[in-house]
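The numbers in our numbering rise by one with no breaks, and the one at position 160 of the sequence shown is 219.
Here's the structure we're looking at; comments come further down.
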Amino acid sequence: MERLQKIIAESGYTSRRKAEELIKQGKVMVNGKKITELGTKASFGDEILVDGNLIEYQEKEYYLFYKPRGVVCTTKDDKGRKTVLDYFDDTNKRIYPVGRLDYDTTGLLLLTNDGEFANLMMHPASKIDKFYVAKIKGVITKDDVKKIKSGVILDGLKIYPSRVKVKKINKQNLTSVVEITIHDGKNHEVKRIFESVGHEVIKLKREVFGFLTLGNLKSGEKRRLSSKEVKQLYNLANNKKRN
Ligand code: URA
Numbered sequence: 060m061e062r063l064q065k066i067i068a069e070s071g072y073t074s075r076r077k078a079e080e081l082i083k084q085g086k087v088m089v090n091g092k093k094i095t096e097l098g099t100k101a102s103f104g105d106e107i108l109v110d111g112n113l114i115e116y117q118e119k120e121y122y123l124f125y126k127p128r129g130v131v132c133t134t135k136d137d138k139g140r141k142t143v144l145d146y147f148d149d150t151n152k153r154i155y156p157v158g159r160l161d162y163d164t165t166g167l168l169l170l171t172n173d174g175e176f177a178n179l180m181m182h183p184a185s186k187i188d189k190f191y192v193a194k195i196k197g198v199i200t201k202d203d204v205k206k207i208k209s210g211v212i213l214d215g216l217k218i219y220p221s222r223v224k225v226k227k228i229n230k231q232n233l234t235s236v237v238e239i240t241i242h243d244g245k246n247h248e249v250k251r252i253f254e255s256v257g258h259e260v261i262k263l264k265r266e267v268f269g270f271l272t273l274g275n276l277k278s279g280e281k282r283r284l285s286s287k288e289v290k291q292l293y294n295l296a297n298n299k300k301r302n
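This is the structure in structure tokens:
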């Protein structure tokens, strides 16, 4: 027996917090009885209805996906563009991306139907390192790198990338390739960091998330995470939160 809101969240229907609101609003029925008490316990063996929808147990699924360019990280797109879920026709439809990569960004993206896991991975306190390779317009200078390393203010908060390394400078094409590791996950974070020193990002790829790499995957391919990898990700996030 578990708390009703936990069961609803585990089914992938909605988050635990939203489930609590639905219970309080009287929208949840257990075995034909309306429940409004938050402490109520139930199991997947009970008939649980939320707004008339049957709550069913779902096996947790975790995927590592190599996102191609020109794909949106939402489950549906108003403009009819390709979404990451178009690559998961053969799997559970309730999965969704853990955070976002921009339409034109490529690389490593996690998807899951486990809301608790997704929230933990995205939480700023989890400080999971994300390693990107950025091709930018212009020749990056030592001074630009110094400025980025000393912190860039985004949305009123100072962001400190954990690592910035210039890999290539093309003085003919006037472009640079820079590796950057961040752990915050703000919208368009890498692009905004480079824009703050006057460089537009023209290509961006995420190569590493925590200890996970793309390995042998090709663009558009995916693999399931092992239960050991999922456990390691939980440990990584929880340890960083404590420190
Ligand atoms: N930072 C960005 O600017 N874009 C992404 O897609 C990811 C990180």
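C-beta: ideal position from N, C-alpha, C; glycine also.
Source: prediction; values computed, not measured.
Pairwise C-alpha distance: residue j and residue i
i    : j    : result
E254 : R265 : 18 Å
I94  : R75  : 16 Å
K262 : V109 : 44 Å
Y293 : V157 : 14 Å
R153 : N172 : 6 Å
T133 : Y155 : 7 Å
F103 : F176 : 20 Å
G85  : M60  : 21 Å
D50  : V198 : What the structure shows of the chain is the stretch from 60 to 302, and residue 50 is not part of that stretch, so it cannot be assessed.
K194 : K141 : 24 Å
E115 : E69  : 9 Å
E96  : K83  : 7 Å
For residue i, three-class secondary structure by DSSP
i    : result
S255 : coil
L170 : strand
I239 : strand
L63  : helix
V204 : helix
K264 : strand
Y308 : One cannot answer for residue 308 here, as it falls past the ends of the chain, which runs 60 to 302.
N112 : strand
Endpoints, alpha helix (DSSP H) assigned at residue i
i    : result
I107 : From DSSP, I107 is part of no alpha helix (DSSP H) but of the beta strand (DSSP E) over 107–109.
Y293 : 286–301
L81  : 75–83
Nearest-angstrom beta carbon gap, residue j and residue i [assumed within contact, 8 Å]
i    : j    : result
T234 : P220 : About 20 Å; that fails the 8 Å criterion.
V143 : L168 : 7 Å
V256 : D188 : With a Cβ gap of about 21 Å, V256 and D188 do not count as contacting.
K281 : Y146 : 6 Å
Element boundaries [beta strand (DSSP E), containing residue i]
i    : result
A193 : 189–196
- Query: Is the segment 84–93 in contact with the segment 122–136, if contact means three or more CB pairs nearer than 8 Å?
  - Reply: The segment 84–93 vs the segment 122–136: no contact.
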